[in-house]
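A.B. asks:
In the working numbering, the protein residues as written are 117 to 262.
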């Protein structure tokens, strides 16, 4: 037999936990240009949106339009970043990985592996630069508002 007050207290505590966890998440918006050495070379640009799910971990989605071999190309990416200095107001380094789906000359999926640097990851915004692989050699530059 259970207590009504005990059940109510437990339910209240469980409902409070997700709201505290959500309050600690930081949302980010940005613009990014991605170039890959896929054959032919592709260059796309577009918006990105991210969420810090933990102090050092950020999940980012990017959508871009551009050109590949003179034809219209698009790219969707979903990557996770692990920051070594997430609170830095100078420069922070991160590694990441995820998946991309790109279309243009052909539509193909890729695994993405990257290393990046970001100015002021602990501030209100900063420039980013990334190198890695995902459709050939992958380079990206952008800006994120935190």
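Where a beta carbon is used, it is the ideal one built from N, C-alpha and C, also for glycine. Quick caveat, the model's predicted, so the values are computed rather than measured.
Spell out a yes or no on whether the region 198-205 and the region 217-226 are touching, meaning 3 or more CB-CB pairs, one atom from each, closer than 8 Å.
C.D. replies: No, the region 198-205 is not in contact with the region 217-226.
A.B. asks: Apart from the five residues just before and just after residue 148, which ones in its own chain have a Cβ nearer than 6 Å to its Cβ?
C.D. replies: Within the same chain, residue 148 has close Cβ partners 164, 178, 256, 258.
A.B. asks: Quick one: measure Cβ to Cβ for residue 183 and residue 159, integer angstroms, because I've assumed they're closer than 8 Å.
C.D. replies: At roughly 6 Å, the Cβ-Cβ gap stays under 8 Å, so residue 183 and residue 159 are in contact.
A.B. asks: Suppose the cutoff is 7 Å on Cβ atoms and the five residues either side in sequence are ignored; what does the same chain contact list for residue 248 look like?
C.D. replies: Within the same chain, residue 248 has close Cβ partners 228, 229, 230, 231, 254.
A.B. asks: Per DSSP, residue 229 is paired with what?
C.D. replies: Note: residue 229 sits in a beta bridge opposite 213, 249.
A.B. asks: Pick from 215, 245, 224, 211: whose alpha carbon is nearest that of residue 189?
C.D. replies: Residue 224 is the option with its Cα nearest to residue 189.
A.B. asks: Answer yes or no: does any C-beta atom of chain B fall closer than 9 Å to that of residue 229?
C.D. replies: The question asks about chain B, but that chain is absent: this structure has only one protein chain.
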